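Participant: Numbering of the sequence shown is given in this note's numbering, commencing with residue 47 and proceeding in unit increments. Built from N, CA and C at the ideal position, the CB exists for glycine as well. As the structure is a prediction and not an experimental result, all values here were calculated from the model.
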Amino acid sequence: MEGIPARARGYVACVALGALLCTLSSLPGAPTPWWAVALLAAVYAAGEQIARRRFAATLHPVLLAGAFLLAPAAAALVPLPGALFSHVEARPFLLRRVWRAAESSLAVWLAARAHGALGGRAAVAGSDLPPAFVPAGAAVLVFCAALALLDGGMLALAEGLPLRAVCQGMFLRSLAPVAVHGLAGLMTAVLWSSPYGPVAALLVLFPMAVSWWVFAQYHRERAAHQATIRALVQAVDLKDGYTRGHSERVGQASMMIGRELGMDDDRIEVLRFAGILHDVGKLGVPTRLLRKDGPLTPEERRVIELHPEYGHEITRGISFLGEARSAILHHHERIDGSGYPYGLAGGQIPESARVVAVADAFDAMTSTRCYSRARPVEAALEELRRCAGSHFDPRMVTALTRVVGRDGWHPVVTAEETRSDVPAPAPAPDDRSEARR
């Protein structure tokens, strides 16, 4: 039981005892269709082995179907075999399996009680769908609330997190997916009680399995995207140590601007990618230029100013970046046309590039580099406002000013920014810092 505090182990024991008492107190004397319990438990156990390993999901439709079909004590037995023998990735294995079994059993018991109290089993048995929705919805709410409260209590005890905030967040995040699972569970229960029988009822789970597979594929693809971006950013950070953490902060500021402008989630994700990867072209710039302490010669400056084009070429084959590649190429263009690499002006500059340009300059001014000392946030915002209309897009500057004024700026503190041996820099960014950004 290493890694689990004693108070959390005690909490597991209490929840397990509560689940056992709830089951045993109502089981004697109640007519129990053991074949139905065994069939649902077998389906749940088999599905858990696949779902947790392949999809990182659980078969809530089967548990909720049990709550809609069976008495509370019988429904509470359905998750036990699957939870006790399910795949667990971290130690202590036994404790985690007991916890999973206890919380699932107790949540199903409570859902079945709520469903039965509202006459849900009679509606399911009569295949009376409109009246069956109300008790089923109440059972789903109880099921979600029970899982959120039980899991929130565990996190509060094991990790010291605030109970109310954790429970509320878990409940709100799980409500929509569990409601969909509840609908599948209700369809399963209604078909089970119909002349078509259990075999037809279990076919409802097939489209659910397909949706899980699609969802898992999406998350695997997203994880691959994140790994690609992390690898590129780490390579840039190793090459140009004084900008370590800069890419993530520019991504953060770009997202803040995008949200303030009311962009949709997909575009905000593109802005995050663009901000994180805006300096990836520095991989093509000689390291001696990036780390040079003295002034840059005109030739060295021209070499550094090639990094947006290098970045565009490096990311050419990464299809999921989309519009982010344009931001990587044009984030050093200026509104008045005096920027690089192509001297675009005004609306010729892609919107994403105008966002990243402001985020990049803001973080450069508020971070300590080998060639510039960090400015206060207000001073950096004032400089952005001064350059709005000539260097930066005024809309982006206004959006950043507004969101930072309201929510503050809480960047990731990097090791390079806290070093005591960083040379004393000049008080403000100059043309050399602009080139190096």
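Between the alpha carbons of E369 and Q95, how many angstroms are there, rounded?
Facilitator: In a straight line, the C-alpha of E369 is about 40 Å away from that of Q95.
Participant: Taking Cβ positions, are A65 and F114 nearer each other than 8 Å?
Facilitator: For A65 and F114, no; Cβs fall outside 8 Å.
Participant: Under 8 Å between the Cβ atoms of H377 and L390?
Facilitator: No.
Participant: Assuming the contact rule is C-beta atoms closer than 8 Å, P387 and E345 should be a hit. Round their C-beta distance to whole Å, please.
Facilitator: Their Cβ separation, rounded to whole angstroms, is 16 Å, which puts P387 and E345 out of contact at 8 Å.
Participant: Is F438 helix, strand or coil when you go by DSSP?
Facilitator: Three-state result, F438: strand.
Participant: Are the segment 185 to 197 and the segment 148 to 159 in contact at 8 Å, needing three or more beta carbon pairs?
Facilitator: Touching, yes, given that three or more Cβ pairs across the two stretches are closer than 8 Å.
Participant: Please report the straight-line C-alpha distance between L330 and L317, rounded to a whole angstrom.
Facilitator: The identity of residue 330 in the sequence shown is Gly, whereas the question assumes Leu. Computed Cα separation, rounded: 23 Å.
Participant: Give me the residue from L164, V349 and D311 with the minimum Cα distance to G327.
Facilitator: When only C-alpha atoms are compared, the closest one is V349.
Participant: Which runs of the alpha helix (DSSP H), 4 residues or longer, sit entirely within the segment 197 to 242?
Facilitator: Segments of the alpha helix (DSSP H) lying fully in the segment 197 to 242: 209 to 239.
Participant: Please return the same chain residues whose Cβ sits closer than 7 Å to the Cβ of R313, not counting the five positions on each side in sequence.
Facilitator: These residues qualify, in order along the chain: G304.
Participant: Would you say R295 and D409 are within 8 Å of each other, going by their C-beta atoms?
Facilitator: Their beta carbons are under 8 Å apart, which means R295 touches D409 by this criterion.
Participant: Taking 8 Å as the CB-CB cut-off, is G330 touching chain C?
Facilitator: The structure shown contains no chain C, having only a single protein chain.
Participant: Please state if the CB of A230 and the CB of L237 are separated by a distance shorter than 8 Å.
Facilitator: Not a contact, by the Cβ cut-off of 8 Å.
Participant: According to the Cβ coordinates, are V449 and L430 closer than 8 Å?
Facilitator: Against a cut-off of 8 Å, the Cβ pair of L430 and V449 comes out as no contact.
Participant: Taking the straight line between their C-alpha atoms, what separation do you get for V134 and V144?
Facilitator: Looking at the two C-alpha atoms, the distance is approximately 11 Å.
Participant: Rounded to the nearest angstrom, how far is the Cβ of T234 from that of V250, given a contact under 8 Å?
Facilitator: Rounded, the Cβ-Cβ distance is 5 Å, consistent with contact.
Participant: Counting along the chain, where does the alpha helix (DSSP H) carrying V89 start and finish?
Facilitator: W80 to I96 is the extent of the alpha helix (DSSP H) around V89.
Participant: Applying the criterion that 16 or more other CB atoms from any shown protein chain within 10 Å of the CB defines a buried residue, is L123 buried or exposed?
Facilitator: It counts as buried.
Participant: Where does the unbroken alpha helix (DSSP H) through H133 begin, and where does it stop?
Facilitator: Run containing H133: none; DSSP gives neither H nor E here.
Participant: Between the Cα of S365 and those of W259, L201, E267 and G393, spot the shortest distance and give me the residue it belongs to.
Facilitator: Here the closest residue by C-alpha is E267.
Participant: Starting from R419, trace the alpha helix (DSSP H) both ways and give me its first and last residue.
Facilitator: It is not in any alpha helix (DSSP H) - R419 carries neither H nor E in the DSSP assignment.
Participant: Apart from the five residues just before and just after A129, which ones in its own chain have a Cβ nearer than 6 Å to its Cβ?
Facilitator: Correct list, in chain order: R146, A147 and S150.
Participant: How far does the alpha helix (DSSP H) with T104 in it extend, from its first residue to its last?
Facilitator: Per DSSP, T104 belongs to no alpha helix (DSSP H) and is neither H nor E.
Participant: Assuming S413 contacts A420 (C-beta within less than 8 Å), just tell me the rounded distance between them.
Facilitator: S413 to A420, Cβ: 6 Å. Contact.
Participant: Should A434 and G321 be called a contact, given that it needs their Cβ atoms to be closer than 8 Å?
Facilitator: No, they are not a contact pair.
Participant: Name the residue from I381, Y242 and I50 whose alpha carbon lies nearest to the alpha carbon of H437.
Facilitator: If we check each option's Cα against that of H437, I381 comes out closest.
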